[in-house]
């Protein structure tokens with residue numbers, strides 16, 4: 373049996389040529405074996421109706437097996453020639469035949485170098501797409517953070533607006549002036565605390 377790979381033929385026929393040849397071989401072998409069994413039965417029946425013979429069933433079976441071996445040798449020799457003819461003339465797809473899914477290659481042929489270059493470009497595009505996807509995810513995360521900060525700022529502004537409104541309703545005090553006054557008071561208080569802290573250290577040293 374031939375072991376030459378015939379991938380295109382297998383794709384075209386939807387079965388491997390070697391499998392087809394093997395099935396033919398097995399079918400011929402089975403048919404040959406069955407025919408010899410039938411011939412053997414006929415011979416045994418003829419011997420039963422012929423008195424005085426010295427041929428036993430064992431001798432008939434031996435003769436059948438020898439004849440089967442002889443036929444197998446001749447058949448294998450002939451089948452090898454038949455296999456070559458079938459693989460070359462029947463089960464081989466001509467070079468002019470192109471499968472529908474391969475027609476695009478005949479219309480747009482390319483070399484091995486062009487294929488490698490295309491693979492390289494495809495790899496670069498994939499890497500670029502991954503990098504852009506990561507950058508997009510980071511921008512989306514930053515946008516969500518900005519939205520959260522904006523919401524907090526809006527709350528603070530709303531609180532200041534409410535506080536300013538309350539101040540105006542209870543004394544017509546400007547909120548900016550109030551914060552300026554509070555800032556000055558805090559600075560004065562910090563200065564006073566610093567003086568007290570220094571004086572307390574001096575008292576501790578004197579004691």
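Numbering (our numbering), first residue to last: 373 to 579.
Glycine is no exception: its CB is placed at the ideal position from the N, C-alpha and C atoms.
Rounded straight-line distance, which links the Cα of residue 493 to that of residue 505 | Distance between the alpha carbons of residue 505 and residue 493: 18 Å.
Please confirm if the segment 473-486 is in contact with the segment 385-396, defined as three or more CB-CB distances below 8 Å between the two stretches.
-> Result no; under three Cβ-Cβ pairs closer than 8 Å.
Just the Cα atoms here: how many angstroms apart are residue 581 and residue 555?
-> Residue 581 cannot be examined here, being either before or after the span of the chain that is shown, 373 to 579.
Span of the alpha helix (DSSP H) holding residue 419?
-> Residue 419: member of the alpha helix (DSSP H) spanning 389-420, first to last residue.
How is residue 487 classed by DSSP in three states: helix, strand or coil?
-> It is helical.
Could you tell me whether the Cβ atoms of residue 338 and residue 471 are closer together than 8 Å?
-> Coverage of the chain is limited to positions 373 through 579, which leaves residue 338 absent and any answer about it impossible.
Inter-stretch contact (C-beta, 8 Å, three-pair minimum) for the segment 403-412 and the segment 433-452 = In this structure the segment 403-412 touches the segment 433-452; the number of beta carbon pairs closer than 8 Å is three or more.
Which residues in the same chain as residue 404 place their Cβ atom closer than 8 Å to its Cβ, once the five residues preceding and following it in sequence are excluded?
-> Once the five neighbours on either side are set aside, the close Cβ partners of residue 404 are 440, 443, 444 and 447.
Where do the N-terminal and C-terminal ends of the alpha helix (DSSP H) with residue 463 fall, by residue?
-> Taken as a continuous stretch (DSSP letters only), residue 463 belongs to no alpha helix (DSSP H), as it is neither H nor E.
Residue 396 at chain B interface by Cβ criterion, 8 Å | Of the chains in the structure shown, none is chain B; there is only one protein chain.
What are the boundary residues of the alpha helix (DSSP H) that residue 443 is part of?
-> Here the alpha helix (DSSP H) through residue 443 covers 429-457.
Compute the Euclidean distance between the alpha carbons of residue 469 and residue 509, then round it to the nearest angstrom.
-> So the alpha carbons of these two residues sit roughly 50 Å apart.
Does DSSP put residue 611 in a helix, in a strand, or in coil?
-> Nothing in the structure corresponds to residue 611, since the chain is present only between 373 and 579.
Taking the CB atoms as reference points, tell me whether residue 381 and residue 465 lie closer together than 8 Å.
-> Taking 8 Å as the Cβ cut-off, residue 381 and residue 465 qualify as a contacting pair.
Measure the Cβ-Cβ separation of residue 463 and residue 389 and say whether it is below 8 Å.
-> Taking 8 Å as the Cβ cut-off, residue 463 and residue 389 qualify as a contacting pair.
When we look at the beta-carbon of residue 475 and count the other beta-carbons within 10 Å, is it buried (16 or more) or exposed?
-> When all chains shown are included, residue 475 counts as exposed.
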